[in-house]
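The structure under discussion appears below in the form of structure tokens.
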Amino acid sequence: STLKVMHELKEKFIKIFNNTNDWYTGVFKLGMWLSKAKKYFPKSNKTIIRWFDEVIAYFDNRTTSGTVEGINNKLKLIKRSGYGFRKL
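Here it is in structure tokens:
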């Protein structure tokens with residue numbers, strides 16, 4: 028059934044990111060997944076393709092943009108908490 032295929036594709040997508048340890052294999056597996064998932068997840072497919080460079084960067088160092096954004100948020104918080112102090 029369609030629902031079963033969609034569930035299997037979702038699980039495969041998760042496995043690609045959890046079990047792939049190198050960039051080349053990650054790109055290959057993700058490309059294969061995209062070709063299979065296009066029919067079932069057209070919007071997700073287009074989004075992943077649009078952000079492909081950013082998505083595959085995960086395979087290089089296992090860091091998401093969320094991690095970087097979290098660090099930036101902490102830096103902004105520190106900067107705000109120091110507002111009003113004068114330079115000596």
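Last residue of the sequence shown: 115 in the working numbering, with the numbers rising by one and none dropped. C-beta: ideal position from N, C-alpha, C; glycine also.
Identity of the residue in the options nearest residue i by Cα
i	options	result
D80	I98, F68, W50 and L102	W50
L61	I105, T90, L102 and F40	F40
M59	R89, I76 and N48	I76
T29	T47, N45, N48 and K63	K63
CB-CB length for residue i against residue j, believed under 8 Å
i	j	result
K56	I43	5 Å
L36	Y85	At roughly 19 Å, the Cβ-Cβ gap does not stay under 8 Å, so L36 and Y85 are not in contact.
Limits of the unbroken alpha helix (DSSP H) element including residue i
i	result
G93	S92 to S108
K70	P69 to R77
T47	Unbroken run through T47: none, as it is neither H nor E.
F14	Because the chain in this structure spans residues 28 to 115, residue 14 falls outside the shown range and cannot be described.
Beta-carbon proximity check, residue i vs residue j, cutoff 8 Å
i	j	result
G53	I83	yes
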